[in-house]
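Engineer: Residue numbers (our numbering): 756 to 1224.
By construction, the Cβ of each residue, glycine as well, lies at the ideal position given by its N, Cα and C atoms.
Mind looking over this structure? Questions follow.
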Ligand code: AMP
Ligand code: ZN
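Pasting the structure below:
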């Protein structure tokens, strides 16, 4: 596996610290509004990265935070708290807003076949841990109190700009609206670890701390949650490119100051989805969501295909014209695969293996999903039996998750046909047996396999039911 590492600004061989085990951290959503399809571009490409690692035989433990406190309107710690902004907009409490938009986020992810990370941790769960980390930073003289807030002192580091060059254009990528001077800071790049005094006194969620009643800064949550679940040395950290500065730069600063050694080896950043006005962003208020695409008659998986057809390190401009052409291509492909006879011959495992290797060669080369998709067309043209073609495409779809081998039904209101129903029910039965035998790994893999085909299982007292994502 090769990936481009923002830290070295080079494509590198991916070598995990602990053999086959990979620790992977992802910055989760700020849950004050729906995720827009730009945010979801990042999560789709990170999902492919995770699945490609698993496909290549790595054991991945992936952790994601949910930002439900501390993210101010500007990433540079100024402006109103985003969660409070959402609560005011909808006349709800911050926790109600957080719950609603966290659920909405995972619903969108399920519709896009994005796997839920192994650990999902809301920032508000970890206040004591943030406080302990900040206390150590103060003890070790990396942080100071000023005007009621605790700041990280960036001048204490030999190198602060580890991820980005010290170039004002680069820095402006992350520093969004409402940038104001904060006179408490000793250095311009210092950032808040704990607020007790912000301009917005009506902050809803506050906690007791050694520095007074207040709330944590945004950056500390990712360092702390990552170290809590993945330990002191991290293989891989992901996010959109707007996170490079200041968020990830600050995460490195405080984590390495806290730990006393290097923290994360590989940084994976997804470039932005743009609309005609530039980067799609929630603060602009006018953004596209998965539900909106559905209302317009698009299967969300068409949007996944749209993202997979371009490289994650390039900006991607969204337009309905391009989405329409992706949709047409996707339907044609699904129909073609659907016309294959699953029982048409004996699966030639050598051919499957050789295609798998080809796929790993391209997709494992810095997540070149577009080239991965073109191999599907090679398979379809190949002179092998239908059962083998389907077996190969099933393998690819473990990474691409485009529901490629789900029988295609035209304009079917439920999108489910009899054959599929029989298949799902037999899988549910198999899962029940596995659970009975306490074979939870098999039970989980059946659930994940169905999820990758857009079938979501729900365990109820009355038994297991399923819905189409
Ligand atoms: P947020 O919910 O604003 O904290 O962002 C969630 C994730 O989406 C972060 O990893 C961002 O870097 C990423 N992101 C934000 N805007 C875009 C965009 N237009 N295109 C791709 N990723 C984005
Ligand atoms: Zn983060």
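1) Checking 7 Å against the spacing of the C-beta atoms, do residue 800 and residue 872 come in under that value?
2) Using the beta carbon as the reference atom, which residues fall closer than 5 Å to any heavy atom of the ligand AMP, ordered along the chain?
3) Could you tell me if residue 923 is buried or exposed, where buried requires 16 or more neighbouring beta carbons within 10 angstroms of its beta carbon?
4) Take every Cβ of the segment 1014–1033, pair it with every Cβ of the segment 831–851, and state whether three or more of those distances are shorter than 8 Å.
5) Given 8 Å as the limit, is there contact between the segment 792–807 and the segment 761–768, that is, 3 or more CB pairs closer than that?
6) With three or more C-beta pairs closer than 8 Å as the rule, is the segment 963–980 touching the segment 866–880?
7) According to the neighbour-count rule (16 or more other Cβ atoms, all chains shown, within 10 Å of its Cβ), is residue 756 buried or exposed?
8) So is residue 1001 buried or exposed if we call it buried at 16+ other beta carbons inside 10 Å?
9) Within the present structure, is the beta-carbon of residue 1062 separated from the nearest heavy atom of the ligand FMN by less than 6 Å?
10) Keeping to the same chain, check which residues put their C-beta closer than 7 Å to that of residue 1248; ignore five residues upstream and five downstream.
11) Per DSSP, what kind of secondary structure is residue 876 in: helix, strand or coil?
12) Is it buried or exposed for residue 774, if we count other Cβ within 10 angstroms and need 16 for buried?
13) Reducing DSSP to helix, strand and coil, say where residue 1112 ends up.
14) Can you tell me the Cβ-Cβ gap for residue 1157 and residue 1068, rounded? I've got them flagged as a contact below 8 Å.
15) Return yes when the Cβ of residue 781 is within less than 7 Å of the Cβ of residue 993, no when it is not.
16) Output the distance between the C-alpha atoms of residue 929 and residue 891, rounded to the nearest integer angstrom.
17) Please name the residue, chosen from 1196, 909 and 1179, that lies closest to residue 1213 on a Cα-to-Cα basis.
18) Mind checking which residues open and close the beta strand (DSSP E) that includes residue 1203?
19) Please return the same chain residues whose Cβ sits closer than 6 Å to the Cβ of residue 1204, not counting the five positions on each side in sequence.
Structural biologist: Taking the structure as given:
1) Position 45 of the chain shown holds residue 800. Position 117 of the chain shown holds residue 872. Not a contact, by the Cβ cut-off of 7 Å.
2) 782, 784, 785, 793, 794, 796, 797, 994, 995, 997, 998, 1027, 1028, 1034 and 1035
3) Locating residue 923 in the chain shown gives position 168, counting from the first residue. The pLDDT assigned to residue 923 is 49, lower than 50, so where the model puts this residue is not dependable, and the model offers no usable value.
4) no
5) no
6) yes
7) Position 1 of the chain shown, counted from the first residue, corresponds to residue 756. Per the 10 Å Cβ criterion, buried.
8) To locate residue 1001, count along the chain shown from 1; it is residue 246. Buried, by the Cβ-count rule.
9) The ligand FMN is not part of this structure, which contains only the ligand AMP and the ligand ZN.
10) Here the chain covers residues 756 to 1224 and nothing more, so residue 1248 does not appear.
11) Counting from 1 along the chain shown, the entry for residue 876 is found at position 121. Of the three classes helix, strand and coil, the one that applies to residue 876 here is strand, per DSSP.
12) Taking the first residue of the chain shown as position 1, residue 774 is located at position 19. It counts as exposed.
13) Working through the chain shown from its first residue, we reach residue 1112 at position 357. Here residue 1112 sits in helix by DSSP.
14) Working through the chain shown from its first residue, we reach residue 1157 at position 402. Working through the chain shown from its first residue, we reach residue 1068 at position 313. The Cβ separation is near 21 Å, so there is no contact.
15) Walking along the chain shown from the start, residue 993 turns up at place 238. Walking along the chain shown from the start, residue 781 turns up at place 26. It is a contact, given that the beta carbons lie within the stated cut-off.
16) Position 174 of the chain shown, counted from the first residue, corresponds to residue 929. Position 136 of the chain shown, counted from the first residue, corresponds to residue 891. Bear in mind that the predicted position of residue 929 carries a pLDDT of just 45, short of 50, making it unreliable; the figure below should be weighed with that in mind. Between residue 929 and residue 891, the C-alpha separation is close to 27 Å.
17) As a working mapping, residue 1213 is identified with position 458 in the chain shown. Out of 1196, 909 and 1179, 1179 has the C-alpha closest to the C-alpha of residue 1213.
18) Position 448 of the chain shown, counting from 1, holds the residue named residue 1203. Counting along the chain, residue 1203 falls outside any beta strand (DSSP E), though it belongs to the alpha helix (DSSP H) covering 1195–1207.
19) In the chain shown, counting from the first residue as 1, residue 1204 sits at position 449. Taken in chain order, the list of residues that qualify is empty.
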